[in-house]
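Student:
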Amino acid sequence: MQKKRLNRFINETETHLRFYVLYLSYIDSQKEHNDFRDLALFSYQELQHRFIELLSFNLKINVAALEKGELSIEQERSLDRLLNRLHEESVDNLLTSEFTSWLQNDREKYFFHSMLKAMVIAKVNLVKRPDDTKTIGEILWPQLKDKQYLKEIEERKKSARDRAFEKVSGSVTKIREEAERIFQEREERREKREQEEFDNIRLDSTLDTVKLVCRLCPTIDKDSHIIIINYLTYHCISGDIDLTTAQELLLKIREMYIEACTHVSLSWDILKTENDKLIDKTYERLQSQYEIYNLFYPAEDTSTKKKCMVTTLDLLYTTSANFPHRLKLLTDKFSLDKANSEDFQIALNQKQWNMLVELANGDTKPKINRTINKLLKDAYKARFNNKI
1 MQKKRLNRFI
11 NETETHLRFY
21 VLYLSYIDSQ
31 KEHNDFRDLA
41 LFSYQELQHR
51 FIELLSFNLK
61 INVAALEKGE
71 LSIEQERSLD
81 RLLNRLHEES
91 VDNLLTSEFT
101 SWLQNDREKY
111 FFHSMLKAMV
121 IAKVNLVKRP
131 DDTKTIGEIL
141 WPQLKDKQYL
151 KEIEERKKSA
161 RDRAFEKVSG
171 SVTKIREEAE
181 RIFQEREERR
191 EKREQEEFDN
201 IRLDSTLDTV
211 KLVCRLCPTI
221 DKDSHIIIIN
231 YLTYHCISGD
241 IDLTTAQELL
251 LKIREMYIEA
261 CTHVSLSWDI
271 LKTENDKLID
281 KTYERLQSQY
291 EIYNLFYPAE
301 DTSTKKKCMV
311 TTLDLLYTTS
321 ANFPHRLKLL
331 TDKFSLDKAN
341 SEDFQIALNQ
351 KQWNMLVELA
361 NGDTKPKINR
371 TINKLLKDAY
381 KARFNNKI
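Quick note: the sequence shown, position 378, residue 378 per UniProt numbering, numbers continuous.
Here it is as structure tokens:
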């Protein structure tokens, strides 16, 4: 009887199996199997095997005996109690696919990880402060020297000039120098005060718990989203995070992602370009101007750089109050780069494209490039041989 019940657990969904393994790891007093990171690399069969191993370890029953169902009455009772416990805990602490199944493509995964990291950097938990998305942008991104910024600077400079007139009598040059000194001194005090105020803000319990896993990066950890889900689940089990909080966190990030996707189009020239040099220049611009190395580990290949570019624009849309202005500055620079860049693209009609795809046995970029190279080489050789 217990063997049939055990088999139902073994053949559960991948989400459930990960939960069972995490829970059994948690109740291991020596924490020898606390492997929420390695767990992300496991296949379904490997998860099943690890589940059996941990059951065996916790119940102190031989793996072979457990798999065959050759258990004593007391061992069956112990297994039954543990399976009951696993079921009860899954009801209380499992992050079901309802909250995680949206993490499918790279854009979704990059946004999920980066937004979580942005919240930690800015010390803003959007579950508790849902109206403070723009506060994240104020902390994360450099301030644009737009009309509002210049107006505020001019007001502070005017205040410094008024103070200089009160303190100094004499030439215009002396008054101007004193005004500049007062202005710079006030700016330094202001920046220092703002930094001290920010430093004194403590991470709330949720962000404090997830900050460790935010050191991962989707540019080098392809399964980082699974690791984060495992990590959240483990801390729901331990009681460090409430399940409802974890669910709301995932739903909030998904909501922001959907909104960003609606307004940041992959059909924009800056995002649809396949020109490696243009991608490199835009990526380097985001590195220098927006310091995106705080969110992503440096990327080498063009494909990863492009994913970082898309996610940066998604985040800029979500967190900045002046996204249209920021986007225009970036696209204007891109257009200038494009105008100065060599472009060897050729236009094909549908019939020509279909012929090329047929010759290449596929429409992927590598296959198309290999076929074009072969056609060019063969044509060049034929022309050279005809001259001999």
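The beta-carbon is built from N, C-alpha and C at its ideal position, and this holds for glycine as well.
Could you tell me which whole alpha helix (DSSP H) segments of length 4 or greater appear in the region 284 to 372?
Tutor: With a minimum length of 4 residues, the continuous alpha helix (DSSP H) runs that stay inside the region 284 to 372 are 302 to 319, 323 to 339, 350 to 360.
Student: By alpha-carbon positions, which one of K157, H16, L140 ends up nearest to M115?
Tutor: Taking only the C-alpha atoms, the option nearest M115 is L140.
Student: Thinking H113 and I228 are a contact (beta carbons under 8 Å), I'd like their distance in whole angstroms, please.
Tutor: With 8 Å as the limit, H113 and I228 qualify as a contact, their Cβ atoms being about 7 Å apart.
Student: Going by beta carbon distance, what residues of the same chain come within less than 6 Å of L313, once the five residues before and after it are set aside?
Tutor: Result list for L313: V264, in chain order.
Student: Inspect the CB distances between the region 238 to 257 and the region 199 to 210 and report whether three or more fall short of 8 Å.
Tutor: Touching, per the Cβ criterion.
Student: In the DSSP assignment, find the unbroken alpha helix (DSSP H) run with K167 in it and report its ends.
Tutor: Here the alpha helix (DSSP H) through K167 covers 147 to 167.
Student: CB L83 to CB L6, shorter than 8 Å?
Tutor: Result yes, Cβ atoms of L83 and L6 sit closer than 8 Å.
Student: If we call anything under 8 Å between Cβ atoms a contact, is F111 one with Y257?
Tutor: Yes, the Cβ-Cβ distance between F111 and Y257 is below 8 Å.
Student: Taking 7 Å as the cut-off, is the beta-carbon of H225 closer than that to any non-hydrogen atom of the ligand GTP?
Tutor: For the ligand GTP, the structure offers nothing, since it holds no ligand at all.
Student: Pairs of beta-carbons, one from the region 319 to 330 and one from the region 126 to 137, closer than 8 Å: are there three or more?
Tutor: The region 319 to 330 vs the region 126 to 137: in contact.
Student: Confirm, please, whether the CB-CB distance from L59 to L79 is below 8 Å.
Tutor: Contact: yes.
Student: Does the region 168 to 181 touch the region 348 to 362, meaning 3 or more C-beta pairs lie closer than 8 Å?
Tutor: Touching, no, given that fewer than three Cβ pairs across the two stretches are closer than 8 Å.
Student: Compute the distance between the beta-carbons of D92 and L243, then report whether it is under 8 Å.
Tutor: Against a cut-off of 8 Å, the Cβ pair of L243 and D92 comes out as a contact.
Student: I need the straight-line Cα distance from D240 to E76, nearest angstrom please.
Tutor: Taking the straight line from one Cα to the other gives about 32 Å.
Student: By the three-class DSSP mapping on this structure, what secondary structure does D106 have?
Tutor: Reduced to three states, the DSSP call for D106 is helix.
Student: Give me the residue from S169, V120, P142 with the minimum Cα distance to D199.
Tutor: It is V120 whose Cα lies nearest to the Cα of D199.
Student: Thinking C-beta only, is E12 closer than 8 Å to I237?
Tutor: Contact: no.
Student: Quick check: L266 and D337, are their CB atoms within less than 8 Å of each other?
Tutor: Not closer than 8 Å, so no.
Student: In chain order, what residues of the same chain have a beta carbon less than 7 Å from the beta carbon of R18, not counting five sequence neighbours either side?
Tutor: So the qualifying residues of the chain are L39, L47, N230.
Student: What is the DSSP secondary structure of Q2, counted as helix, strand or coil?
Tutor: Three-state result, Q2: helix.
Student: Determine the DSSP secondary structure at N275, reduced to helix, strand or coil.
Tutor: The answer is coil: DSSP assigns N275 none of H, G, I, E or B.
Student: If I measure Cβ to Cβ from R190 and keep anything under 6 Å in the same chain, skipping five residues before and after, which residues do I get?
Tutor: Hits under 6 Å: none found.
Student: What span of residues does the alpha helix (DSSP H) with D92 cover, start to end?
Tutor: It spans 73 to 93 - the alpha helix (DSSP H) in which D92 sits, taken as one unbroken run.
Student: Do L295 and A122 come within 8 Å of each other at the CB atom, strictly closer than that value?
Tutor: No, the Cβ-Cβ distance between A122 and L295 is not below 8 Å.
Student: Flag this pair as touching only if the region 181 to 190 and the region 146 to 163 have three or more C-beta atom pairs under 8 Å; answer yes or no.
Tutor: Touching, yes.
Student: Measuring CA to CA, which of K3, S101, V357, R8 is closest to E70?
Tutor: When each option's Cα is compared against that of E70, the closest is K3.
Student: In its own chain, which residues sit with a C-beta less than 8 Å from the C-beta of T371, not counting the 5 before and 5 after it?
Tutor: L356, L359, A360, listed in sequence order.
Student: Taking a contact to mean a Cβ-Cβ separation below 8 Å, would you say V63 touches S72 in this structure?
Tutor: Result no, Cβ atoms of V63 and S72 do not sit closer than 8 Å.
Student: If I measure Cβ to Cβ from R129 and keep anything under 8 Å in the same chain, skipping five residues before and after, which residues do I get?
Tutor: So the qualifying residues of the chain are T135.
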